[in-house]
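Colleague: One structure, as structure tokens, below. Some questions next.
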Amino acid sequence: MVGYQAFAELCQSADSDARGHAAHLAALAYLDHRGHAEEHAALYAALIGFLDDPSVKVRAALAYGLLHADTAPRPVILSLLGDSPVISRAVLQYSPVLIDADLAPLIRRGEISDLVAIAQRRSISARLAGMMLEAEQREVSLLLLRRLEVAAPAEVLLALAMRHSGDPQVRGALLARQDLPAQGRLILIRAVAEGLKSCRVVKGSLTSGRLNKILRDSLDTAISVIGEASDGDTRYVDDLAVSENLNTRTLLHALVNGRVLFFSDCIGHLAGVKTEKVFSVLNSGGRATVAALFARAGLAPSVVGLMVRFIQHARMTDLSDDVSARHYVVTALTEELLAEYSNDIPFELEEAFGYLSEQNITLARQAARGVVSAFAEHRIGAFALPAPAEERIALPAA
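According to the numbering used here, the sequence shown is numbered sequentially starting from -4.
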């Protein structure tokens, strides 16, 4: 306990350390006050008085006492916010008294030290996060993007993805966020593919054709996975259509890998039908109904026939998890096409047939992985090798 007289002596001391001690005590006493209103008012007046102390140590001691309290007097906190940089930055970073209206003008001013301090606050609204990301300060942007609990406006994240897709650190921070729009995620995945294509280590490890095939398959997978996870966001499919990426290959890849929701979104966009209706038709519609849906989506007649066959096969298997089922369906479709057209594939089906042929090889490799080891684990004994043939004696000619 400190008596009133002793406190008054500390306040009037010539020693800044003593006055700082008094300021800190006054702050703690104000926050934990349980007495009369007059006493509380006197403590408030003491806090106001310490704001005019010429020593930064005294004002810093006052700020330290009030810094983390949500019941700190707002006028005192706002005054400390305009104090020396070491005090104002601490108030910016820690004081829960400050609201968005207090912080927004400082963000617009664009001082990097202020932005860094605000970016480290315990709680940041999506509005403030968007303002700071739009300030185009890389250090601040990385701080905010790496705080996954801080929400940010989708349009701001998309703009960042478009502007900074070539920056690996920003790209990684954006890809780690669940709230990144699907369009932005695809932009960044494409940038990653371009980076791998130009990487000397990668180029030295694979031939150009093999590298291009791997990257194209990876992009196809990324398009369908992102679309499946977009939760019916029509803007993603709209952007694919505008950029001419909503083609037969994309549709087939979605089907082969069991991305039925994304496939339904794509067909719904092309046919002008709600996704729920498309999904219902694909799940239980007759061949004629499914064919009519694909025809309405603008697919060529030969492609319509291929898609209808694919749907019939897909209904009997689980393509989302079973690699062997995918291999079976793709092999069956390939053989049916060769038999139907007598090995003379029409022009409209060349892209689809080429894709199925590529996938047949890829899926065969995936399905074969682990088969021998799995067989060896369950097989008792050894492989039965053919017996060596007896050596034949050549008789001399008579």
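Glycine included, every Cβ here is placed at the ideal spot set by N, Cα and C.
Taking residue 128 and residue 147 to be in contact with their CB atoms under 8 Å, please state how far apart those CB atoms are, rounded to whole angstroms.
Modeller: The count along the sequence shown starts at 1 and reaches residue 128 at position 133. The count along the sequence shown starts at 1 and reaches residue 147 at position 152. The Cβ separation is near 6 Å, so the contact holds.
Colleague: Applying the criterion that 16 or more other CB atoms from any shown protein chain within 10 Å of the CB defines a buried residue, is residue 164 buried or exposed?
Modeller: Here residue 164 corresponds to residue number 169 of the sequence shown, with the count starting at 1. Flag for residue 164 reads exposed.
Colleague: According to the Cβ coordinates, are residue 135 and residue 114 closer than 7 Å?
Modeller: Indexing the sequence shown from 1 puts residue 135 at position 140. Indexing the sequence shown from 1 puts residue 114 at position 119. Yes.
Colleague: When the Cα atoms are used, what is the spatial distance from residue 71 to residue 116?
Modeller: The residue you call residue 71 lines up with position 76 of the sequence shown. The residue you call residue 116 lines up with position 121 of the sequence shown. Between residue 71 and residue 116, the C-alpha separation is close to 19 Å.
Colleague: Under 6 Å Cβ to Cβ from residue 315, same chain only, skipping five residues before and after it: list those, please.
Modeller: As a first step, residue 315 must be located in the sequence shown, where it is residue number 320. Hits under 6 Å: 253.
Colleague: Measure the C-alpha to C-alpha separation of residue 321 and residue 251 and round it to an integer number of angstroms.
Modeller: The count along the sequence shown starts at 1 and reaches residue 321 at position 326. The count along the sequence shown starts at 1 and reaches residue 251 at position 256. Straight-line Cα distance between these residues: approximately 6 Å.
Colleague: Helix, strand or coil: how does DSSP classify residue 393 here?
Modeller: The residue you call residue 393 lines up with position 398 of the sequence shown. Its pLDDT being 49, under 50, residue 393 is placed unreliably by the model, and nothing is read from it.
Colleague: Ends of the alpha helix (DSSP H) at residue 289?
Modeller: Working through the sequence shown from its first residue, we reach residue 289 at position 294. From DSSP, the alpha helix (DSSP H) with residue 289 extends over 282 to 291.
Colleague: Mind checking residue 126: buried by the 16 CB within 10 Å criterion, or exposed?
Modeller: Here the question's residue 126 lines up with position 131 in the sequence shown. Classification for residue 126: buried.
Colleague: Taking only runs of the alpha helix (DSSP H) that begin and end inside the stretch 336 to 366, which ones reach a length of at least 4 residues, in chain order?
Modeller: Fully enclosed alpha helix (DSSP H) runs of 4 or longer: 345 to 363.
Colleague: Anyone know if the C-beta pair for residue 215 and residue 232 falls short of 7 Å?
Modeller: In the sequence shown, counting from the first residue as 1, residue 215 sits at position 220. In the sequence shown, counting from the first residue as 1, residue 232 sits at position 237. Contact flag unset, no.
Colleague: Is the stretch 51 to 68 close to the stretch 1 to 21, with three or more CB pairs under 8 Å?
Modeller: Cβ pair count under 8 Å is three or more, so yes.
Colleague: What are the uninterrupted segments assigned as alpha helix (DSSP H) that are 4 or more residues long and contained completely in the stretch 163 to 200, given in chain order?
Modeller: Those alpha helix (DSSP H) runs which fall completely within the stretch 163 to 200 and span 4+ residues are 163 to 170, 177 to 193, 195 to 200.
Colleague: If we ignore side chains and look at the alpha-carbon of each, how far apart do residue 107 and residue 84 end up?
Modeller: Walking along the sequence shown from the start, residue 107 turns up at place 112. Walking along the sequence shown from the start, residue 84 turns up at place 89. Rounded to the nearest angstrom, the two C-alpha atoms are 11 Å apart.
Colleague: Can you name, in chain order, every residue of its own chain whose Cβ lies under 7 Å from the Cβ of residue 168, other than the five neighbours on each side?
Modeller: As a first step, residue 168 is located in the sequence shown; it is residue number 173 there, counting from the start. Excluding residues within five positions, the ones whose Cβ falls inside 7 Å are 137, 140, 141.
Colleague: Can you name the start and end residues of the alpha helix (DSSP H) that residue 254 belongs to?
Modeller: Here residue 254 refers to the residue found at position 259 when the sequence shown is read from its first residue. From DSSP, residue 254 is part of no alpha helix (DSSP H); its letter is neither H nor E.
Colleague: Return the chain-ordered list of same chain residues with a C-beta closer than 6 Å to the C-beta of residue 400, the five sequence neighbours on each side being excluded.
Modeller: No statement about residue 400 is possible, as the shown extent of the chain runs from -4 to 393 and does not include it.
Colleague: Given a threshold of 16 other Cβ atoms within 10 Å of its Cβ, counted over all protein chains shown, does residue 160 qualify as buried or as exposed?
Modeller: Residue 160 sits at position 165 when you count from the first residue of the sequence shown. Flag for residue 160 reads buried.
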